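These protein sequences, in sequence, are chains G and X. Counting in the numbering used here, the first sequence runs from 691 upward without gaps. Counting in the numbering used here, the second sequence runs from 18 upward without gaps. Just below is one structure, and these are the notes that go with it.
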Amino acid sequence: MRREIGNVMVIGGGVAGMRAAVDLAEAGLQVYLVESAPALGGRVAQLGYMFPTHDCVLCRGTSDHGYGCTRPAISPAFQDHNLHPNIRVLTLTNVIRVDGQAGDFRVVLRHEPRYVDPARCINCDMCSLVCPVTLPSSFQQELATRKAAYKLAVRSIPNAYIIDRGPYCDDCGRCVAVCPTQCINLNEEPRELEVHVGAIIMALGYDLADAREYEEFGFGRYPNVIHSMQYERLASRSGPTEGIVLRPSDGQRPKRIAWLQCVGSRDQKHPYCSSICCMYATKEAMIAKERLPGVHAQVFMMDERAFNKEFNAYYETARRKFGVEYTRARISFIKEDPETKDLLLHYPGPDGKMVTDRFDMVVLSLGTVPPRSAGELARELGIELNPYGFCQTDKFMPLETSVPGVYVCGTFLSPKEISETFLDASGAAGEVMRLLRSQLGRSPSSRQYPFLSADGEFPEERDVSGEPPRVGVFVCRCEPAIDGTLDTQGIRDFALKLPGVVHAELLAYGCQEPDLRRIRQAVVERNLNRVVIAGCSPRTHEPLFQRIVRQAGLNPYLLSMANIREQCAWVHEGQPDLATRKAKETVRMAVERVRRAQPVHRLSVAPTRRALVIGGGVAGMQAALSIADAGYNVTLVERNAQLGGNLRHIFYVAEGQNPQRLLRDLVNRVRGHERIEVFTRSEVKSHTGRTGDFRSVVVTHTGPLDVETEVRHAVTIVATGGEEWRGDVYMLGQDERVVTQLDLEEIIVHRPEEITRLKQVVMIQCVHPPSEVDYCSRVCCTNTMKNAIRVKMLNPGCQVYVLYKDMITYGFREQFYTEARRRGVIFMRYDEQHLPQVSRADDGRLEVRAWEQVFGREITLTPDLVALSMAVVPSPGTAELAKILDVPLSVEGFFQEAHLKMRPMDFMDEGIFMAGMSHYPKFIEEAITNAQAAAARAITLLAKEPLYYGGPVAVVDQDKCVGCLTCVRTCPFQIPKIRADFTGVGGIVGAAYIEPALCQGCGTCTAECPAKAIQLMAYLDAQLAGELTGAWAA
Amino acid sequence: MSDNGNHTFEPEITAFMCIYCADMSADTAGALHVQYPANVKLVKMPCTGKTDVKYILDAFEHGADGVYVVGCPIGNCHHVRGNERARKRIERAKKLLDEIGIGGQRLDIFFVSGGMGETFARCAHEMTERIRALGPNPLRAKERD
């Protein structure tokens, strides 16, 4: 058995595992990423759209200027030819055995044969074409077919085919015979490998509840009953119908679609809430409304759990703008009309009478269950599972399993959506960075070039300035993929006659040895200073050839690729002459483009090894500790006299742990840490500079005099929190019997005798500031359950009413809702049209009038105490801090992240991160995870030497700039600024400046600048003009 | 002037596409071997927001009979709003082309997701058919006279 040594093993290659692996690799640790499927990507790779943004933009999963969408990956670090030098991807691999402890694990892996060598597979599809075995495609959820020789998805990592030698394969060997690169070996055997690592991250993901277990819904018997993941494939633009939803029974466009919520959630067998189904069903219904004009979309649900940032607004848009109908009913069975295959649902109508409705398609919103591989793996690792079969962790150490050195992230921890999965993943990476601090940065990698590289692997770059262009053109035959259609010899001969071309040669397979060596040799021997590769897609192969020319001493931007395979040979198979002509033109365009190309160099900065953390609550303290424990200095700024934030007012939690002990522990560790410098009674007054090199001024209010301190730091973490809103509603502040839930918690803990005297308590949920954006504060329902249960425990005879809109006890918190009902807490729903009324009667008693929906009449309660669930609002000063940092706020007034789903802990501005309630209301464990995630992202920058920025970005020629503000208005990212200290055309004061560390390189400003004063470095106007000449110089 | 009905006319078309969804949909068409006319030449941009009106006019000046732009679906732009900028610019350029007698119909913009190989090919077919019906670029026709 082979033995290898790394730092970390990440088990599971979905987005959580991939995200964790990238962060670890960027921090200079060696990572093994183990996935049992043939390709990376997990569940997210199958989703067409994310709620509530309706985008796919996995291409924006990382902050680097990644090339192209890398679906199913989340980063350009996961392309075959641009794999992060610190990540080893092992697909078709399972964990067999684990021995050892934290810092010293020995993991035995078993690699199942692919029967295809991914390094030599050219994705020509020949094996699949000749394969006689047709099977249902699991990637397309059985809605399409595949062969036994197949590729999981068009874009997969590894980018190669696989031979499925299940019982249906009769080993006919046609694939072997037809493969042009002889990369199929049916004699491949399973291999075992032992890897030595210091830490393990479990990112096993989830499985879907089995729709067939719910026989009453007829899945598998009624063709038009499908499950939610099937709907995702139908709605996906890469699905079997390119996104057109069709009825399985007859291929017709459905006119009435129903979604049934909580199938496999919130029931006897799965007593928890799956957290994602409400939102994905809303998304699916909205997509139906968009794509199928006039369709009726109806969602049958118990509560609409829209509990994250922008979710509530999304739900309202679905209801009001899109006309998605929401019906509060749990459907108990489906009947099919055997004639039409329509489906009949029975449910109580608005007047309480049962109605029967006809739908032509029903989607079962399947809940999430623990991954089926979890039990065995947990036993092998010795980690505990919770009663539901998900991974057990401590509330205040949310990412640590019961085995030290083994961490967990994503949906194996609890059901959750993508953004929270990313927070978990980066957070788990952060925990590993703490554990393995001595090894951080030991395997440095570089983003100096457009591809990822290990530091110092290249010879010095040749200075080609002043040389006339000497272009070398390499034409791949890629037999038969290109050669089969195109006259490659003719293309090569044509290329040699083009201006500037001094060398042209045919290659068999340019992406493989020995042809790679021939390219390098030709560059050196023929003294080439520009290179064109005419072959396959730059999307998959550009990083490879950029690396090759760089190895030969050229700047990687002096390479251009002509895609004569995917965009020529394969799409014009019936027109070989015209296709060859197009290929020649494409080569000429590439030559014209590259002739005018200039070297592009990224700028660099040696990062100051210090982080600034703003806010000393649980998130800020945790972030500071995570960074300091990893070996970097931290300046922690807190506005109040004491550290702790909201945690100072939380005395117990629903799960039972003691938050005051957490508070003491965090404060003591922060105060005692040699790497943390704490400024209390202090605020950040200014913040300038760029990632790696920020300068801030911290003002400390020490009595009559303010003291100012300048801090130099590489990264900034914003953790300024939020607070319970206190407004003038429901007689709060006018009658002492009306309190907030935080007040009630204080009474329960410090004056429990007052609780024992109560006869009736009314709790009102969703109390938010008037006329502002309505959003779910996420924590209130569970806090209400916590207090309601405690009131019932102290005083079982006390009546407790909860007036609520939607009961949002997501995930495992559902148990507290169940527990509250079991203890006799009475729940009454209200809606916006029937808000509860609180008043004082003439006799001084409190009166609460509420609308009873079931009976359709108003009832009056006379409680001794009213407890209000107040909204969580951003801390005062949030807007001012946003101005100082020059970062945006979300519609709710919290800080706005770089991307709602993909980058929840990052600001768009490199080097600034957020954690805790400054992002959005969240529970303690979520704030801790978020802080660990922000810390991990910060450490990836702190561990770099040097940090690269800029490069292929927009650059202003101030001598041409008239300061007209067009670029300022045009930029999608608000990066250009008019700087008064710059001089424009003709000596006018003020000219545009584009910060290279922030520019995203889209070139939108360059296209609109009326003075043509801005150039995008890798897409110079001269290059594009040349390329267009190349297209037409007949 | 119009070549309506002249089916021997093979238009020359330039397509500008972003390196995100558009280039990927073209690659998807390739991977699925979806066929489209070989008279469409593809020019890559970092984003459709980079499509300068000048590039479009250059293409027509050099002899393109038709030009189109392919970008990410609206709301799905890698650069958030680059494609919306491009759409506005295309509207402007269409008017310009009408004014100078080339005709705005020769220009269009499509929004295609990376998995939509069939749709990418359909855009190429659609533009080819449309330009074939419109006849050659008047600038080119003049050259021939």
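For glycine and all other residues, C-beta sits at the position ideal for the given N, C-alpha and C. None of these values were measured; they are calculated from a predicted model.
Next item on the list: Assign residue 872 of chain G to one of three DSSP states: helix, strand, or coil.
Entry: DSSP places residue 872 of chain G in coil when its eight states are reduced to three.
Notebook entry, point to check: Should residue 758 of chain G be flagged as near chain X, meaning a C-beta pair shorter than 8 Å?
Noted result: Confidence at residue 758 of chain G is low in this model, with a pLDDT of 43, below 50, so its placement is unreliable and no value can be given for it.
Notebook entry, point to check: When the cut-off is 8 Å and only beta carbons count, does residue 867 of chain G lie next to chain X?
Noted result: Residue contact check for residue 867 of chain G against chain X: no CB pair falls below 8 Å.
Next item on the list: Could you round the C-beta distance between residue 85 of chain X and residue 140 of chain X to whole angstroms and report it? I think they count as a contact, below 8 Å.
Entry: In this structure residue 85 of chain X touches residue 140 of chain X by the C-beta definition: roughly 7 Å separates them, less than 8 Å.
Checklist line | Identity of the residue in X:78, X:34 and X:89 nearest residue 118 of chain X by Cα | finding: Closest option to residue 118 of chain X, Cα to Cα, is X:78.
Item checked: Under the three-state DSSP convention, the category residue 150 of chain X falls into -> Helix, per DSSP.
Note to self: So, at 7 Å on beta carbons, what are the nonlocal neighbours of residue 806 of chain G in its own chain, with the 5 sequence-adjacent residues on each side left out?
What the structure shows: 850, 851, 852, 853, 873 and 874.
Check: Taking 8 Å as the CB-CB limit, is residue 1709 of chain G close to chain X?
Finding: Residue-level contact by beta carbon holds for residue 1709 of chain G and chain X, with a gap shorter than 8 Å.
Notebook entry, point to check: Quick one: what's got a C-beta closer than 6 Å to residue 808 of chain G's C-beta in the same chain, skipping five residues either side?
Noted result: Hits under 6 Å: 848 and 850.
Checklist line | Contacting positions in the region 34-56 of chain X - beta carbon closer than 8 Å to chain C | finding: Of the chains in the structure shown, none is chain C; the protein chains are G and X.
Note to self: Judging by CA-CA distance, which residue of G:1274, G:1028, G:1023 and G:1577 is the nearest neighbour of residue 1183 of chain G?
What the structure shows: Of G:1274, G:1028, G:1023 and G:1577, the residue nearest in Cα terms is G:1274.
Margin query: Per DSSP, what are the beta-bridge partners of residue 33 of chain X in this structure?
Written below: For residue 33 of chain X, which the question treats as bridged, DSSP gives the partners X:60 and X:86.
Margin query: Spatial neighbours of residue 660 of chain G within its chain, please: C-beta separation below 8 Å, excluding the five flanking residues on both sides.
Written below: Since the displayed chain G opens at 691 and closes at 1724, residue 660 of chain G lies outside it and no answer follows.
Item checked: Outcome for residue 1397 of chain G when other beta-carbon atoms lying within 10 angstroms are tallied against a minimum of 16 -> Looking at its Cβ environment, which holds fewer than 16 other Cβ atoms inside 10 Å, residue 1397 of chain G is exposed.
Check: How about residue 63 of chain X: is its C-beta nearer than 8 Å to some C-beta of chain G?
Finding: Taking 8 Å as the CB threshold, residue 63 of chain X lines the interface with chain G.
Next item on the list: Confirm, please, whether the CB-CB distance from residue 1451 of chain G to residue 1557 of chain G is below 8 Å.
Entry: In terms of Cβ geometry, residue 1557 of chain G and residue 1451 of chain G form a close pair [threshold 8 Å].
Note to self: Can you list, in chain order, the residues of its chain with a C-beta nearer than 8 Å to that of residue 1567 of chain G? Leave out the 5 residues immediately preceding and following it.
What the structure shows: Result list for residue 1567 of chain G: 1329, 1373 and 1410, in chain order.
Next item on the list: Could you please give the first and the last residue of the uninterrupted beta strand (DSSP E) stretch that includes residue 1124 of chain G?
Entry: Element bounds for residue 1124 of chain G: not the beta strand (DSSP E) but the alpha helix (DSSP H), 1108-1125.
Next item on the list: For the alpha helix (DSSP H) holding residue 1310 of chain G, just list the boundary residues, first then last.
Entry: Per DSSP, the continuous alpha helix (DSSP H) segment holding residue 1310 of chain G begins and ends at 1308-1319.
Next item on the list: With distances taken Cα to Cα, identify the nearest neighbour of residue 69 of chain X among G:1013, G:1696 and G:1014.
Entry: Answer by Cα proximity: G:1696.
Checklist line | Interface positions of the region 1685-1697 of chain G facing chain X (Cβ-Cβ less than 7 Å), listed along the chain | finding: Shown in chain order are the members of the region 1685-1697 of chain G whose Cβ falls below 7 Å from a Cβ of chain X: 1690, 1691, 1692, 1693, 1694, 1696 and 1697.
Next item on the list: Compute the distance between the beta-carbons of residue 1221 of chain G and residue 1720 of chain G, then report whether it is under 8 Å.
Entry: No, the pair does not count as a contact, with Cβ atoms beyond the cut-off.
Margin query: Give me the residue from G:1249, G:1243, G:1226 and G:1224 with the minimum Cα distance to residue 1236 of chain G.
Written below: Distances from the alpha-carbon of residue 1236 of chain G to those of G:1249, G:1243, G:1226 and G:1224 put G:1249 closest.
Notebook entry, point to check: Is there contact between the region 1478-1486 of chain G and the region 1511-1519 of chain G, where contact requires at least three CB pairs shorter than 8 Å?
Noted result: With the cut-off at 8 Å, the region 1478-1486 of chain G and the region 1511-1519 of chain G touch.
Checklist line | Three or more C-beta pairs below 8 Å linking the region 24-32 of chain X and the region 141-151 of chain X | finding: Yes: the two stretches touch, three or more of their Cβ pairs being nearer than 8 Å.
Notebook entry, point to check: If you run the structure through DSSP and keep just helix, strand and coil, what is residue 1611 of chain G?
Noted result: In the structure shown, residue 1611 of chain G sits in coil (DSSP, three-state: anything other than H, G, I, E or B).
Notebook entry, point to check: So what's residue 1064 of chain G in DSSP terms, helix, strand or just coil?
Noted result: In the three-state scheme derived from DSSP, where H, G and I count as helix and E and B as strand, residue 1064 of chain G is classed as helix.
Margin query: Against chain X, with Cβ distances strictly below 8 Å, would residue 1456 of chain G count as a contact?
Written below: Chain X, which has no Cβ nearer than 8 Å to the Cβ of residue 1456 of chain G, makes this no.
Next item on the list: Grab me the residues of residue 1726 of chain G's own chain with a C-beta within less than 6 Å of its C-beta, minus the 5 sequence neighbours each way, in chain order.
Entry: Outside the displayed range of chain G (691 to 1724) lies residue 1726 of chain G, so it cannot be described from this structure.
Notebook entry, point to check: What separation, rounded to the nearest whole angstrom, lies between the Cα atoms of residue 1156 of chain G and residue 1272 of chain G?
Noted result: Taking C-alpha positions only, residue 1156 of chain G is separated from residue 1272 of chain G by approximately 32 Å.
Check: Per DSSP, residue 1412 of chain G forms a beta bridge with which residues?
Finding: Answer is G:1564, bridged to residue 1412 of chain G.
Margin query: So, for residue 1005 of chain G: in the same chain, excluding its five sequence neighbours on each side, which residues have a beta-carbon less than 7 Å away from its beta-carbon?
Written below: Cβ neighbours of residue 1005 of chain G beyond the five flanking positions: 972, 994 and 996.
Next item on the list: Given a cut-off of 8 Å, decide if residue 46 of chain X and residue 1261 of chain G are closer than it, judged by their beta-carbon atoms.
Entry: Contact check for residue 1261 of chain G against residue 46 of chain X passes: the beta carbons are separated by less than 8 Å.
Next item on the list: Assuming residue 988 of chain G and residue 920 of chain G form a contact by the criterion Cβ under 8 Å, report the distance between their Cβ atoms to the nearest whole angstrom.
Entry: Their Cβ separation, rounded to whole angstroms, is 18 Å, which puts residue 988 of chain G and residue 920 of chain G out of contact at 8 Å.
Notebook entry, point to check: Alpha carbon to alpha carbon, how far is residue 882 of chain G from residue 1096 of chain G?
Noted result: Roughly 22 Å separates the two Cα atoms.
Notebook entry, point to check: If residue 1336 of chain G and residue 1307 of chain G are in contact, beta carbons under 8 Å, what's the gap, nearest whole angstrom?
Noted result: Indeed they touch by this definition, with Cβ atoms about 6 Å apart.
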